[in-house]
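One structure is given here, and the rest of the page talks about it.
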Amino acid sequence: MAYPQRMATEWTAAMVAALPDDGNRYEVLDGELAMTPAPSWDHQRLAFALCREISSYLNAHRLGEALLAPADVEFSPRRLLEPDVFVVPRTPDAPRPRSFADAKRLLLAIEVLSPSTARRDRGVKRRIYMDEQVDEYWIVDADAWCIERWRRGEDRPEVVMETLTWRPEGAGEALVIEVQRLFEEALR
């Protein structure tokens, strides 16, 4: 596989788009290139289970769309992220996004922890999601069977091990996720 001879000191989303497709996932975190190998089976099962549950809720209430990686969310040329699951709001006066480049605002971003990404997910990616005004950021920990729920403007996460209740902006009824059931169904 060919890589650039000279590594850039400041990466951009356009530079990542020019890389050859090698099966890895690339993100640009404040100008730094981050590479993640393909996710594990359990990682994908958890991400899919969450996306399915959230998508069903969003469709029933016409609040937005839940999408799965691989999908690039480009907040700026220096910030290209690939959340495992994310929610784009539906706005009545705007057309449905036709590309991932149109998804500038997220109601929710979710990362399922992997040994190779845990530090990044809890650190720089959390900070970026909060800087970019993502309403909520969930970090799903398959080892501890919990979800770390970060809300915009808060200093600490709510660690949810039993029931997670999510009511995005404009929702009349909340989505209720039984966390232990989610892990049980996805991982057993």
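Residues 154 to 341 in this note's numbering are what the sequence shown spells out, letter by letter.
Beta carbons: idealized from backbone N, C-alpha and C, even for Gly.
The structure displayed is predicted, hence computed values, not measured ones.
| request: For residue 208, name the three-state secondary structure that DSSP assigns. | output: helix
| field | Within 7 angstroms, strictly: CB atoms of residue 303 and residue 334 | value | no
| query | Do residue 327 and residue 318 have their C-beta atoms within less than 7 angstroms of each other? | reply | yes
| Taking 6 angstroms as the cut-off, is the CB of residue 214 close to at least one heavy atom of the ligand FAD? | Absence of the ligand FAD is noted for the structure shown, with no ligands found whatsoever.
| request: Starting from residue 284, trace the alpha helix (DSSP H) both ways and give me its first and last residue. | output: 277-284
| request: Would you mind stating whether residue 265 and residue 340 have Cβ atoms separated by less than 7 angstroms? | output: no
| task | May I ask you to report which of helix, strand or coil DSSP gives residue 175? | result | coil
| So residue 305 packs on residue 287, CB below 8 angstroms; how close in whole Å? | 7 angstroms
| query | At which residues does the beta strand (DSSP E) containing residue 314 begin and terminate? | reply | Per DSSP, residue 314 belongs to no beta strand (DSSP E) and is neither H nor E.
| request: Please state whether DSSP places residue 194 in a helix, a strand or coil. | output: helix
| message | Quick check on the burial criterion: 16 or more other C-beta atoms within 10 angstroms. Buried or exposed for residue 176? | response | exposed
| Between residue 243 and residue 217, which are expected to be in contact by the criterion C-beta below 8 angstroms, what is the C-beta distance as a whole number of angstroms? | 5 angstroms
| Apart from the five residues on each side of it in sequence, which residues of its chain come closer than 7 angstroms, Cβ to Cβ, to residue 181? | 164, 165, 166, 169, 231, 232 and 233
| Selected residue, minimal CA-CA separation from residue 206, among 292, 289, 240 and 271 | 240
| message | Rounded to the nearest angstrom, what separates residue 223 and residue 238 at their Cα positions? | response | 9 angstroms
| Among 283, 269 and 189, which one has its Cα closest to the Cα of residue 262? | 283
| request: Go through its chain and collect everything with a Cβ distance to residue 185's Cβ below 7 angstroms, but skip five positions before and after it. | output: 164
| query | Which value, in whole angstroms, describes the spacing of the CA atoms of residue 267 and residue 194? | reply | 11 angstroms
| Run through DSSP, which three-state label would residue 334 get? | helix
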